[in-house]
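Numbering (my numbering), first residue to last: -8 to 227. Input: a single structure, listed below in structure tokens.
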Amino acid sequence: MVRDDGADMKLSIVATPIGNLGDVSRRAIETLQSADIIFCEDTRVAQKLLSAYGIKKNLESVHQHTTPFALKRLFEKATKTAKNIAFVSDAGTPGISDPGGILVQEALKYFGSDITIEPIPGPSAVTAALSVCGFQADRYRFLGFIPHKKGRETFFKNLAQIDETVVFYESTHRIVKTMDSLCKVLGNRRLMVARELTKMHETLYRGNACEVSESLKSGIIKGEFVIVIAPKKYEE
């Protein structure tokens, strides 16, 4: 058993806004201010975020293609000058559809009992969407980003059999095609599509799969999308 207390190093997993900069917590800002170095998905995105809060720190990129060996090298480099490391994803709570989970796993392997890992909770597109969906969400299944090509058809067929609230992400480029597929397999099953959550042009589309598909096509198809599908009992 590894206890995360009294260790020499500290890794803080920091949640950041998913759109509205006002959603950041005081604790998140204080943690980023006190960090000796900040690991991030994209240094350009992180720099923009930090600048908004007047924070200047050394940044190191940790993304989906960063290998365990590369992380080990980053840890070796960090230990020479740092005691407090913070990690931020491009938006929201790290560890969800980003390299946060791998970072924590490799940090535990490298440092063992010599590191404390702490969560700095905050915004999440998943919980934000669930909070306004209007469906029962005491049990839900989060599927991240759905397959681009291989396994996509099977994904939609299996989706129709899931009898609990389902949440997943979709991109601007595939949202129309995805909604057409959902219309075919879900029929009158209710769902909600959230576009640009917490941002200026936030839009929530509600109805059955086919209705929402048509509404989307008549609106602005830009931004980031979260889809929440209701359990079967919510069929219209």
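Heads up, the beta-carbon is just placed ideally off N, CA and C, and yes, glycines get one too.
- Annotation: the continuous beta strand (DSSP E) that includes TYR131 extends over 131 to 136.
- The closest CA to that of ARG186, considering only LYS39, CYS31, ALA116, is found on ALA116.
- Here PHE78 is buried. Its C-beta has 16 or more other C-beta atoms within 10 Å.
- Residue state for PRO110 is assigned as strand, using DSSP reduced to three classes.
- By the neighbour-count definition (other C-beta atoms within 10 Å, threshold 16), MET0 is a buried residue.
- Here ALA185 carries a strand assignment [DSSP, helix/strand/coil].
- Between the segment 52 to 66 and the segment 171 to 191 there are fewer than three inter-stretch CB-CB distances shorter than 8 Å, so the stretches are not counted as touching.
- A Cβ-Cβ contact shorter than 9 Å links LEU177 with ASN199.
- The count of Cβ pairs closer than 8 Å, one atom from the segment 135 to 143 and one from the segment 30 to 44, stays below three, leaving the stretches out of contact.
- Residue burial annotation: VAL123 is exposed, with fewer than 16 other C-beta atoms found within 10 angstroms of its C-beta.
- When the alpha-carbon of LEU62 is set against those of LEU50, ASN49, VAL36, LEU94, the nearest one is in LEU94.
- A check of alpha carbon separations from HIS164 across ILE211, CYS201, PHE60 identifies ILE211 as the nearest.
- Annotated as proximal: ARG180 and GLU226, with beta-carbon spacing under 9 Å.
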